[in-house]
Amino acid sequence: MTNETNATITAHTITLASRVRVSPDVLLQETAGEAVLLDTSSEHYFGLDPIGTRIWRLLDGGADLRAVCESLLAEYDVPAERVERDVIALVGQLADARLVIID
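Per our numbering, residue 411 is the first one in the sequence shown, and the count goes up by one each step.
Written as structure tokens, this is what we have:
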């Protein structure tokens, strides 16, 4: 799983006001800035690149997506529109895989 924006987003309505929680069934292992997620309920593995891993860490704190985007904008020199689009797309992929819960 990467920050690509061609995700298939199903019935999730995701906005910057959305709160996202990490599923309790997911285990994380980081290696060299990247992460492997294990969904213990399905026994499927998912990979995150360094930016995806950073987003995951920010999501793990229970912040809304606006706060996640603000943190990323403070860390990276990227246009706000791209950060917002990429974060929403990644969260959609994570939700489709049942790795996160949208509140």
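Even for Gly, the Cβ is constructed at its ideal location relative to N, Cα and C.
Counted within 10 angstroms of its Cβ, other Cβ atoms place residue i as buried (16 or more) or exposed
i, result
"D513", "exposed"
"I461", "buried"
"A505", "buried"
"V488", "exposed"
"G502", "buried"
Where residue i falls: helix, strand or coil (DSSP)
i, result
"A484", "helix"
"T429", "The displayed chain sequence assigns Arg, not Thr, to residue 429. Here R429 sits in strand by DSSP."
"T415", "The predicted model places T415 with a pLDDT of 40, which falls under 50 and marks its position as unreliable; any figure quoted below should be read in that light. Of the three classes helix, strand and coil, the one that applies to T415 here is coil, per DSSP."
"G443", "coil"
"D506", "helix"
Close Cβ partners of residue i (< 8 Å) along its chain, the five nearest in sequence each way excluded
i, result
"T463", "E440, G443, E444 and A445"
Close Cβ partners of residue i (< 7 Å) along its chain, the five nearest in sequence each way excluded
i, result
"V493", "C479, L482 and L483"
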